[in-house]
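**Student:**
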Ligand code: NDP
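In the working numbering, the protein residues as written are 81 to 544.
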């Protein structure tokens, strides 16, 4: 399909609409990708007025087209000796400012459109971190839940046997995401090293004794809370004593709760795909340690929290409900940390009605476009994912720097750098929002701030 601009397209709004039509036509049945592009385009209206060069160089047509997409067969034997076949993907979206960088997701819902949305978001997020990283994402429709360690290992080895052709420490450096933690990174790193005979920083999220960085497991959750603290600071407020809702119970959720406790807040909830636990007494360090053991060692379900801690209430997932009960609990702050589109318009309305003052997105694109609009209209503090959860990939960037230098930094040094990066991201988003005439709108701040650096690098590098 050509990217010629039809006659009659004059205003930035017309141009954006035209490119959006092309994106939808070229990427049919990929609603999450359309949503992620639409959200960025809504902010870019403000930029195109001032910068016609982006339009004449067709930056938007180019930035929405992945540089490269791989889709491949992943065959493996299960424990019964049966052959299983999954589909693997890697999207290399944009390398204008550095090697492709972004996580791998293993979840049955994974498809091309979901990974394209994640890779697209990653381009802007990585740009905001201040580090030299392009954007990519990958994964598989493989479900690690209920699989033995040996099955997970055989799958990871087969996945990496193909992926290794396309990645490398100066080309593309994957990390973890949903369903990919330390165990999976270990199996994939081992297979890469075996096939390539190279010990390099080709993956991040590695174990501490073989090239990993301190604070990488904590980074997304800690970073999200640092970002929330900056948002509150802009209103001369703090997290001290704030009642907080956290969805999910994986990597991001666990370390969000840990940092909230450090800063004196009161976390109230966890969830997984089976339901929500609400603990009116608050989740303290002892309960958090129990959840970490449940999820990371025993790989159990969050409903067990309700059985273990008697005052906690477990609300099973009810697909007939038009809202998620977690977002209807009275609280000051919300940290969606599970998955995309987990806050719909009704959920956003419930949060606002119950007096929620702040939403900081640990998950990627957890709010629908309608929910985002409601948050912005209500004027609450709203930290969009590509800014608020950028601490994870930023610390992956720090892991890459340590690997290149063959050094390891202390916990304090990495945490201090992460904290400073989150402060810098907030400042960039806050100031960019003001500069473009929408003070307080961190969605515009993040989209525009992330876009400008990548778009300018693309202009510098010519038509590639
Ligand atoms: P984990 O796999 O560790 O945890 C994911 C959690 O979310 C689990 O509790 C899981 O429950 C729940 N969840 C996942 N999918 C669904 C679903 N469709 N419906 C309901 N619950 C669901 O992943 P992470 O904590 O790493 O990732 C969480 C989010 O944070 C994702 O959006 C990810 O893209 C984002 N993110 C992660 C980063 C990282 O460094 N890990 C960096 C930046 C963003 P269940 O076990 O039942 O599936």
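We put the beta carbon where it would ideally sit given N, CA and C, even for glycine.
Identify the residues that DSSP records as bridge partners of residue 436: which are they?
**Tutor:** The residue you call residue 436 lines up with position 356 of the chain shown. Its beta-bridge partners do not exist; DSSP assigns none.
**Student:** Which of helix, strand or coil does DSSP assign to residue 347?
**Tutor:** If you number the chain shown from 1, residue 347 lands on position 267. It is a strand residue.
**Student:** Ordered along the chain, which non-local residues of its own chain (more than five positions away) have a Cβ less than 6 Å from that of residue 508?
**Tutor:** Mapped onto the chain shown, residue 508 falls at position 428. The residues are 529.
**Student:** Apart from the five residues on each side of it in sequence, which residues of its chain come closer than 7 Å, Cβ to Cβ, to residue 326?
**Tutor:** Residue numbering aside, residue 326 sits at position 246 when the chain shown is read from its first letter. Once the five neighbours on either side are set aside, the close Cβ partners of residue 326 are 333, 336, 337, 347, 349, 350, 415 and 417.
**Student:** Considering only residues of the same chain and omitting the five flanking positions on each side of residue 478, which have a CB-CB separation below 7 Å?
**Tutor:** The sequence position of residue 478 within the chain shown is 398, counting from 1. Same-chain partners within the cutoff: 293, 494 and 497.
**Student:** Less than 7 Å between the CB of residue 144 and some heavy atom of the ligand MG, yes or no?
**Tutor:** Among the ligands present in this structure, namely the ligand NDP, the ligand MG is not found.
**Student:** Thinking C-alpha only, which one of 256, 522 and 410 is nearest residue 307?
**Tutor:** Locating residue 307 in the chain shown gives position 227, counting from the first residue. For residue 307, the nearest C-alpha among the options comes from 522.
**Student:** Using only the heavy atoms of the ligand NDP, determine whether one of them is closer than 7 Å to the beta carbon of residue 506.
**Tutor:** Within the chain shown, numbered from 1, the residue matching residue 506 stands at position 426. No; taking the cut-off as 7 Å, the Cβ of residue 506 has no heavy atom of the ligand NDP nearer than that.
**Student:** In the DSSP assignment, the beta strand (DSSP E) including residue 166 goes from what residue to what residue?
**Tutor:** Residue mapping note: residue 166 aligns to position 86 of the chain shown, counting from 1. Residue 166 -> beta strand (DSSP E) spans 163–174.
**Student:** With H, G and I counted as helix, E and B as strand and the rest as coil, what does DSSP make of residue 326?
**Tutor:** Here residue 326 refers to the residue found at position 246 when the chain shown is read from its first residue. In this structure, residue 326 counts as strand in the three-state DSSP scheme.
**Student:** Measure the Cβ-Cβ separation of residue 357 and residue 392 and say whether it is below 8 Å.
**Tutor:** Sequence index remark: in the chain shown, residue 357 carries index 277 (1-based). Sequence index remark: in the chain shown, residue 392 carries index 312 (1-based). Cβ atoms of residue 357 and residue 392: closer than 8 Å.
**Student:** Taking the alpha helix (DSSP H) that residue 181 belongs to, which residues open and close that run?
**Tutor:** Along the chain shown, one-based indexing puts residue 181 at 101. Where residue 181 is concerned, there is no enclosing alpha helix (DSSP H), although the beta strand (DSSP E) it sits in stretches over 180–186.
**Student:** Which runs of the beta strand (DSSP E), 3 residues or longer, sit entirely within the segment 278–330?
**Tutor:** 323–326
**Student:** Around the C-beta of residue 399, are 16 or more other C-beta atoms found within 10 angstroms, so that it is buried, or is it exposed?
**Tutor:** In the chain shown, counting from the first residue as 1, residue 399 sits at position 319. Classification for residue 399: exposed.
**Student:** Is the beta carbon of residue 310 sitting closer than 8 Å to the one on residue 506?
**Tutor:** In the chain shown, the residue the question calls residue 310 occupies position 230. In the chain shown, the residue the question calls residue 506 occupies position 426. Contact flag set, yes.
**Student:** Would you please state the rounded distance, in angstroms, between the beta carbons of residue 438 and residue 312? I believe it to be under 8 Å.
**Tutor:** For the purposes of this step, residue 438 is identified with residue 358 of the chain shown, where counting begins at 1. For the purposes of this step, residue 312 is identified with residue 232 of the chain shown, where counting begins at 1. Distance from residue 438 to residue 312 at the Cβ level is roughly 7 Å; contact confirmed, criterion being Cβ atoms closer than 8 Å.
**Student:** Any idea if residue 296 is buried or exposed, counting beta-carbon neighbours within 10 angstroms, 16 or more meaning buried?
**Tutor:** Sequence index remark: in the chain shown, residue 296 carries index 216 (1-based). The residue in question, residue 296, is buried, as its Cβ has 16 or more Cβ neighbours within 10 Å.
**Student:** Residues in its own chain within less than 8 Å of residue 585 by CB, not counting five upstream and five downstream?
**Tutor:** Here the chain covers residues 81 to 544 and nothing more, so residue 585 does not appear.
**Student:** I'd like to confirm something about residue 166: is its beta-carbon nearer than 7 Å to some heavy atom of the ligand NDP, or not?
**Tutor:** Locating residue 166 in the chain shown gives position 86, counting from the first residue. It does not: the Cβ of residue 166 is nowhere closer than 7 Å to a heavy atom of the ligand NDP.
**Student:** Taking the beta strand (DSSP E) that residue 254 falls in, what are its first and last residues?
**Tutor:** As a working note, residue 254 is residue 174 in the chain shown. Taken as a continuous stretch (DSSP letters only), the beta strand (DSSP E) holding residue 254 covers 252–255.
**Student:** Tell me which residues share the same chain as residue 320 and place their Cβ nearer than 6 Å to its Cβ, disregarding the 5 neighbours each side in the sequence.
**Tutor:** To locate residue 320, count along the chain shown from 1; it is residue 240. Taken in chain order, the residues that qualify are 344.
**Student:** Could you spell out the range, first to last residue, of the beta strand (DSSP E) harbouring residue 153?
**Tutor:** Locating residue 153 in the chain shown gives position 73, counting from the first residue. That run of the beta strand (DSSP E) goes 148–157.
**Student:** Go ahead and pull the three-state DSSP assignment for residue 352.
**Tutor:** Position 272 of the chain shown, counted from the start, is the residue given in the question as residue 352. Three-state result, residue 352: strand.
**Student:** List the endpoints of the continuous alpha helix (DSSP H) containing residue 265.
**Tutor:** For the purposes of this step, residue 265 is taken as residue 185 along the chain shown, with counting starting at 1. Unbroken alpha helix (DSSP H) run through residue 265: 262–276.
**Student:** Could you tell me whether any non-hydrogen atom of the ligand NDP is closer than 7 Å to the CB of residue 404?
**Tutor:** As a first step, residue 404 must be located in the chain shown, where it is residue number 324. Checking every heavy atom of the ligand NDP against the Cβ of residue 404, none is found closer than 7 Å.
**Student:** Decide if the segment 228–244 is in contact with the segment 192–212; the criterion is three or more beta carbon pairs, one per stretch, under 8 Å apart.
**Tutor:** no
**Student:** Residue 458 and residue 432: beta carbons closer than 8 Å?
**Tutor:** The residue you call residue 458 lines up with position 378 of the chain shown. The residue you call residue 432 lines up with position 352 of the chain shown. Yes. Within cutoff.
**Student:** Which complete beta strand (DSSP E) runs does the segment 381–463 hold, if anything under 3 residues is left out?
**Tutor:** Those beta strand (DSSP E) runs which fall completely within the segment 381–463 and span 3+ residues are 393–396, 413–415, 438–440 and 461–463.
**Student:** How would you write the range of the alpha helix (DSSP H) that residue 227 sits in, first residue to last?
**Tutor:** Reading the chain shown from its first residue, position 147 is the one you call residue 227. No alpha helix (DSSP H) holds residue 227; DSSP gives it neither H nor E.
**Student:** Thinking C-beta only, is residue 111 closer than 8 Å to residue 193?
**Tutor:** For the purposes of this step, residue 193 is taken as the residue at position 113 of the chain shown. For the purposes of this step, residue 111 is taken as the residue at position 31 of the chain shown. Contact flag set, yes.
**Student:** Would the beta-carbon of residue 424 fall within 8 Å of that of residue 443?
**Tutor:** In the chain shown, the residue the question calls residue 424 occupies position 344. In the chain shown, the residue the question calls residue 443 occupies position 363. Cβ distance not < 8 Å, so residue 424 and residue 443 don't count as in contact.
**Student:** Let me confirm a value: residue 176 is counted as buried when at least 16 other C-beta atoms fall within 10 Å, else exposed. Which label applies?
**Tutor:** The residue you call residue 176 lines up with position 96 of the chain shown. Buried: at least 16 other Cβ atoms inside 10 Å.
**Student:** Buried or exposed: residue 290, going by 16 or more other Cβ atoms within 10 Å of its Cβ?
**Tutor:** Numbered from 1 along the chain shown, position 210 holds the residue referred to as residue 290. Residue environment for residue 290: exposed (fewer than 16 other C-beta atoms within 10 angstroms of its C-beta).
**Student:** Report all residues from its chain with a CB closer than 8 Å to the CB of residue 154; omit the five preceding and five following residues, and keep chain order.
**Tutor:** Position 74 of the chain shown, counting from 1, holds the residue named residue 154. Within the same chain, residue 154 has close Cβ partners 165, 166, 167, 168, 220, 222, 235, 238, 239 and 242.
**Student:** So, residue 538 versus residue 116, is the Cβ gap smaller than 8 Å?
**Tutor:** Here residue 538 corresponds to residue number 458 of the chain shown, with the count starting at 1. Here residue 116 corresponds to residue number 36 of the chain shown, with the count starting at 1. Cβ atoms of residue 538 and residue 116: not closer than 8 Å.
**Student:** How about residue 226 and residue 173: are their beta carbons less than 8 Å apart?
**Tutor:** Residue numbering aside, residue 226 sits at position 146 when the chain shown is read from its first letter. Residue numbering aside, residue 173 sits at position 93 when the chain shown is read from its first letter. No, the pair does not count as a contact, with Cβ atoms beyond the cut-off.
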